[in-house]
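Residue 58 in our numbering sits at position 58 of the sequence shown, with consecutive numbering throughout.
Working notes, beginning with the structure itself.
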Amino acid sequence: MPVALHVVDHPLIADSLTRVRDETTPNALFRQELSRIGTLLLAEATKGLPTHSVGVQTPLTATLGRQLDSQPVMVPVLRAGLGFLGPAQDLLPNADVGFIGVARDETTHQPKPYVNKLPESLAGRQCIVLDPMLATGGSLAHTVQLLIERGADMRIIVVCVLAAPEGIELLRSIDADIAVYTAALDERLTDTAFIWPGLGDAGDRQFGSPA
Ligand code: PRP
């Protein structure tokens, strides 16, 4: 199925992305810059959320405003996706949050699931998946599959910092309606499935290396 790919061109994203790529950026600054990028990407990714008209009384007069029709479901993919959860909850404080934990096997690069905490039903819900890195696409394909198993029937929005062409290709090969919002489409994957030129490991750069 075609994937709607949006490479979001914004000077503030580009500026933050440079620090996120920089290997000398310490973890604290890395998290701040990632969060900033997340806010800007999420603003773009949520542009199409449906709204309806509501009456509002200002101190001067009655007028009309708009309200979201419904609250989306945010799905950060552990661990790295946690870096987008803060900005997502700032923008949509009433959204539900489901958690998916997937670790990539270092040898096979296949996703190894370890957490699945999603709302009971996702039918009619707008799901927004948060994962800074779309490398082989295995983790995301797995996540999308879990969302569909719970009834997700709307276009699934994915927000990431970097995407690799290989990952986009994998998403195109699965039967799911997906829109990807990313700060950059990088050149390729390395032979160890790291995004090139990339930013390294987004989980480790936020939280340190696990044992
Ligand atoms: C990284 C990243 C994605 C995944 C992308 O997570 O955060 O979830 O790999 O790779 P893929 O597209 O090839 O599946 P990782 O498994 O390193 O776990 P972490 O977030 O805990 O560091």
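Every residue gets a Cβ at the ideal spot worked out from N, C-alpha and C, and that includes glycine.
Cβ-based neighbour list, residue i, same chain, cut-off 7 Å, excluding 5 preceding and 5 following
i, result
"Ile195", "Met133, Ala135, Leu162, Ala164, Asp186, Leu189"
"Ser16", "Glu33, Arg36, Ile37"
"Asp105", "Lys112"
"Val115", "Leu78, Phe99, Ile100, Gly101"
"Ala176", "Met1, Val144, Ile148, Ile156"
Buried/exposed call for residue i, threshold 16 Cβ in 10 Å
i, result
"Asp131", "buried"
"Met1", "exposed"
"Gly138", "buried"
"Ala62", "exposed"
"Val3", "buried"
"Ala147", "According to the sequence as given, residue 147 is Leu; it is not Ala. Per the 10 Å Cβ criterion, buried."
"Thr108", "exposed"
"Ala211", "exposed"
"Leu140", "buried"
Residue i and residue j closer than 8 Å at C-beta
i, j, result
"Ala88", "Arg125", "no"
"Arg19", "Leu29", "yes"
"His142", "Pro111", "yes"
"Met74", "Leu85", "yes"
"Gly91", "Thr39", "First, the amino acid is wrong: residue 91 is Leu here, not Gly. Result yes, Cβ atoms of Leu91 and Thr39 sit closer than 8 Å."
"Leu41", "Val7", "no"
"Val129", "Ile174", "no"
"Leu68", "Val56", "no"
Residues of its chain near residue i, where Cβ-Cβ distance is below 6 Å and the 5 sequence neighbours each way are ignored
i, result
"Leu199", "Val20, Arg21"
"Asn94", "Gln71"
"Arg150", "Leu118, Leu122"
"Ala45", "Ile157, Val159, Tyr181"
"Val97", "Met74"
"His10", "Leu40"
Close-in-space but distant-in-sequence residues of the same chain around residue i (CB under 8 Å, 5 per side omitted)
i, result
"Glu166", "Ala135, Thr136, Gly137, Arg188, Leu189"
"Pro197", "Arg21, Asp186, Glu187"
"Arg230", "Since the first residue of the chain shown is 1 and the last is 211, residue 230 is not available in this structure."
"Asn27", "Arg205, Gln206, Phe207, Gly208"
"Ala43", "Leu91"
So, do the region 101-120 and the region 70-82 have three or more beta carbon pairs nearer to each other than 8 Å? Contact between the region 101-120 and the region 70-82 is present, with at least three C-beta pairs closer than 8 Å.
Can you give, in chain order, each stretch of the beta strand (DSSP E) that sits fully within the region 5-64 and has at least 3 residues? Every beta strand (DSSP E) of 3 residues or more that sits fully in the region 5-64 is shown, in chain order, as 51-57.
Whole runs of the beta strand (DSSP E) within the region 70-131, excluding any shorter than 3 residues: 73-78, 99-104, 111-117, 127-130
State whether the region 27-41 contacts the region 192-211, with contact taken as three or more CB pairs (one from each stretch) at a distance under 8 Å. Under the 8 Å Cβ criterion, the region 27-41 counts as touching the region 192-211, having at least three qualifying pairs.
Segment contact flag, the region 167-177 with the region 39-59, C-beta cutoff 8 Å, min 3 pairs: no
Only counting runs of 3 or more residues, tell me where the beta strand (DSSP E) segments fall wholly within the region 122-195, in order along the chain. 127-130, 156-163, 178-185
For the pair the region 153-160 and the region 173-183, tell me if three or more CB-CB distances fall below 8 Å. yes
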